[in-house]
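Numbering (full-length UniProt numbering), first residue to last: 1 to 773.
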């Protein structure tokens with residue numbers, strides 16, 4: 001779908017990321033009467049605020065409305081859909097925290113009760129106003145992008161969900177696999193695998209940092225056969241039949257394998273690679289057990305765990321039944337493995353539980369030409385600057401890679417450099433490669449230059465609250481400032497903007513009574529993550545789109561499970577896509593489609609750095625080879641306006657490119673330290689008024705995983721943001737928190753269900769840059 005006639009185009013599908021609970025639900029936690037009375041107190045203060053007197057009428061209003069908010073929170077805990085959502089996330093929080101709230105009489109207001117109420121509010125704000133994508137409280141929908149005459153057509157189905165499916169977390173299946181691997185009768189049927197950074201060459205074991213370790217012909221043959229597919233017994237049978245190797249029998253082969261495992265150069269277990277359905281991979285591995293009775297015995301724990309998982313899936317929609325099924329699943333898992341049934345406690349977005357659910361929203365949605373005409377001019381400007389970011393990062397990174405290559409090549413007397421050596425040296429100078437999060441300092445420098453160039457183009461007046469610019473008037477300057485010949489690497493041709501639309505309803509949107517709002521602008525393709533791709537009703541359509549764009553194979557790194565989870569794991573859409581294995585993690589792809597780091601070298605080919613497979617086969621540019629890593633590194637770098645104490649709302653044409661934002665030193669926000677709740681709320685109203693903050697905000701602390709929604713007309717949310725501010729200042733006296741206006745606001749949500757209830761949502765678009773192909 002061409003975008004504004006330029007080299008940028010849109011995929012004809014977009015993902016709808018939205019909340020699973022109606023947004024209006026969150027308004028039950030507001031206390032509008034008391035908020036209005038507090039404003040009247042501030043009006044009476046005038047320009048010289050002093051410590052205000054809390055009048056008896058104000059205190060009574062506060063007590064009445066606080067009691068009503070408490071009742072609303074208790075009602076939420078009793079709501080079956082809310083209870084089910086928490087069961088999926090954290091059953092312990094439900095039983096010890098939320099149900100503890102119900103065990104107290106109404107009106108009880110001790111410290112523990114307030115903490116439990118804050119926990120309920122925290123879950124509610126996530127389920128009602130966050131565009132997360134998980135479970136029925138964050139179902140994934142899909143949208144068609146076409147050329148029709150209507151700006152939008154939307155037909156919600158009779159229910160919120162069109163499909164729901166329960167998946168095992170990979171660590172749960174790893175625990176079953178580990179138990180099976182410890183069984184001496186089963187272990188011969190596990191497939192030994194040489195780690196991808198180890199290879200056998202010239203009769204020696206090549207080990208990074210150690211060098212060549214001589215092997216006997218028999219040892220070399222055994223280790224060369226460790227492909228992760230052939231079972232140890234089958235390997236022994238094949239090798240012992242070769243008299244030239246002189247192997248005495250199966251036991252001698254197994255002894256060689258055991259010694260190699262003890263050396264740390266290979267794995268000999270029932271391994272499961274990171275993938276959406278790890279239980280299926282384990283079942284395939286168990287199929288290699290030749291003895292039927294033994295194979296059946298090995299399958300029993302997996303069969304039992306799968307039956308317990310299926311009971312959980314069947315209980316979805318009923319919180320009590322789901323809770324009981326989850327209990328049975330956890331009991332079964334613990335009995336089978338002896339392992340804990342949760343992990344990463346306290347991490348809100350971690351893979352804590354044994355299973356999770358992903359759902360598809362029941363929605364028929366299409367965007368037409370009128371909306372695209374509004375979107376195209378401003379979005380094209382952003383895409384031009386996004387292309388510049390990737391090109392500039394690629395240009396600078398080539399210099400880093402070139403310097404490293406020449407240093408390493410010179411150390412060995414010239415020529416190609418082993419990729420194992422190159423990868424390790426790069427990780428030492430690039431901490432980002434080890435952490436796989438955040439943004440390297442030098443990428444931040446590119447972002448700073450991006451913002452400097454945009455500042456020259458936009459000429460934002462000091463102190464402005466809102467700035468509007470005409471995209472046509474900016475086009476020449478943007479083209480001049482961000483003129484580069486192509487994206488930085490192949491994967492950088494994709495960018496995924498999150499588009500929100502503020503409109504009273506779909507009819508208003510069709511009349512043009514709407515405002516487009518840019519959320520995050522991801523400088524990578526995000527819909528190839530498992531949680532999105534496998535919720536699309538037609539995987540074939542996704543594959544066709546990908547292969548149309550990418551005739552050459554993409555290289556997808558096999559990331560460590562400790563740093564990644566299967567929901568956001570990249571899937572291989574292209575039939576020729578390859579996996580790059582560089583750590584102990586097994587590859588989900590067959591050997592023919594897996595590039596082992598030990599089998600690759602970095603070469604200088606006609607002045608360009610490339611990655612080549614030994615003996616032929618794969619060869620590709622080094623930047624493209626590293627494309628996924630680079631895209632992850634820059635994905636959040638396209639922020640047009642720098643973070644300052646105040647940043648105005650920026651609108652280009654019909655698109656709000658940046659929402660109004662503020663930054664505060666947490667320790668300097670004094671209302672957070674007020675001890676008395678009503679005085680704290682009054683001080684928060686004064687803070688709100690002094691800075692012109694809107695009622696609905698999102699607050700982000702450097703010590704919290706996600707932004708937190710807050711209604712400044714709600715005492716429970718005022719108390720919570722005060723707690724967030726106190727925690728930030730305790731951890732770092734100079735820490736700054738950011739505040740952003742909520743846009744669209746709750747009054748401007750067009751997405752409804754069949755009952756007319758309104759939901760927050762965003763459309764994740766996929767843009768493709770054809771320049772430089």
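Glycine included, each C-beta is placed from N, C-alpha and C at the ideal position.
Bridge partner(s) assigned by DSSP for residue i
{"i": "residue 227", "result": "193"}
{"i": "residue 647", "result": "661"}
{"i": "residue 9", "result": "2 and 768"}
{"i": "residue 738", "result": "663 and 700"}
{"i": "residue 367", "result": "145 and 152"}
{"i": "residue 568", "result": "DSSP, once it has assigned bridges, lists no residue as partnering residue 568."}
{"i": "residue 495", "result": "767"}
{"i": "residue 752", "result": "758"}
{"i": "residue 206", "result": "199 and 212"}
{"i": "residue 515", "result": "502"}
{"i": "residue 483", "result": "Paired residue(s): none; residue 483 is not in a bridge."}
Distance between residue j and residue i (C-alpha atoms, nearest Å)
{"i": "residue 155", "j": "residue 507", "result": "12 Å"}
{"i": "residue 528", "j": "residue 278", "result": "18 Å"}
{"i": "residue 140", "j": "residue 14", "result": "11 Å"}
{"i": "residue 523", "j": "residue 637", "result": "8 Å"}
{"i": "residue 372", "j": "residue 500", "result": "13 Å"}
{"i": "residue 350", "j": "residue 129", "result": "Only weak support exists for where residue 350 lies, its pLDDT of 47 falling under 50; the value from the coordinates is given anyway. Spanning the two alpha carbons is a distance of roughly 20 Å."}
{"i": "residue 249", "j": "residue 237", "result": "8 Å"}
{"i": "residue 626", "j": "residue 535", "result": "27 Å"}
{"i": "residue 258", "j": "residue 206", "result": "18 Å"}
{"i": "residue 602", "j": "residue 388", "result": "27 Å"}
{"i": "residue 299", "j": "residue 654", "result": "59 Å"}
{"i": "residue 340", "j": "residue 127", "result": "28 Å"}
{"i": "residue 540", "j": "residue 577", "result": "15 Å"}
{"i": "residue 648", "j": "residue 483", "result": "27 Å"}
{"i": "residue 753", "j": "residue 364", "result": "11 Å"}
Integer Cβ distance of residue i from residue j, believed to fall under 8 Å
{"i": "residue 644", "j": "residue 663", "result": "7 Å"}
{"i": "residue 153", "j": "residue 189", "result": "That pair is no contact at about 55 Å."}
{"i": "residue 86", "j": "residue 94", "result": "5 Å"}
{"i": "residue 29", "j": "residue 711", "result": "7 Å"}
{"i": "residue 451", "j": "residue 641", "result": "7 Å"}
{"i": "residue 31", "j": "residue 66", "result": "7 Å"}
{"i": "residue 326", "j": "residue 60", "result": "About 44 Å; that fails the 8 Å criterion."}
{"i": "residue 613", "j": "residue 599", "result": "6 Å"}
{"i": "residue 656", "j": "residue 518", "result": "6 Å"}
{"i": "residue 581", "j": "residue 611", "result": "Not a contact, Cβ separation roughly 14 Å."}
{"i": "residue 480", "j": "residue 163", "result": "Between residue 163 and residue 480 the Cβ distance is about 48 Å, and since that is not below 8 Å, they are no contact."}
{"i": "residue 215", "j": "residue 223", "result": "7 Å"}
Residue i burial status per 10 Å Cβ neighbour count (16 or more: buried)
{"i": "residue 652", "result": "buried"}
{"i": "residue 200", "result": "buried"}
{"i": "residue 411", "result": "exposed"}
{"i": "residue 386", "result": "buried"}
{"i": "residue 670", "result": "exposed"}
{"i": "residue 742", "result": "buried"}
{"i": "residue 10", "result": "buried"}
{"i": "residue 255", "result": "exposed"}
{"i": "residue 103", "result": "exposed"}
{"i": "residue 182", "result": "exposed"}
{"i": "residue 537", "result": "exposed"}
{"i": "residue 203", "result": "exposed"}
{"i": "residue 764", "result": "buried"}
{"i": "residue 117", "result": "buried"}
{"i": "residue 210", "result": "exposed"}
{"i": "residue 616", "result": "exposed"}
{"i": "residue 846", "result": "Nothing can be reported for residue 846: it is not among the residues displayed for the chain, which extend from 1 to 773."}
{"i": "residue 692", "result": "exposed"}
{"i": "residue 133", "result": "buried"}
{"i": "residue 3", "result": "buried"}
Neighbourhood of residue i by C-beta, 8 Å cutoff - its chain only, sequence neighbours within 5 removed
{"i": "residue 7", "result": "769, 770 and 771"}
Cβ-based neighbour list, residue i, same chain, cut-off 6 Å, excluding 5 preceding and 5 following
{"i": "residue 757", "result": "22"}
{"i": "residue 144", "result": "366"}
{"i": "residue 708", "result": "699"}
{"i": "residue 12", "result": "1 and 145"}
{"i": "residue 113", "result": "104"}
{"i": "residue 336", "result": "301"}
7 Å CB neighbourhood of residue i in its chain, flanking five on each side removed
{"i": "residue 550", "result": "574"}
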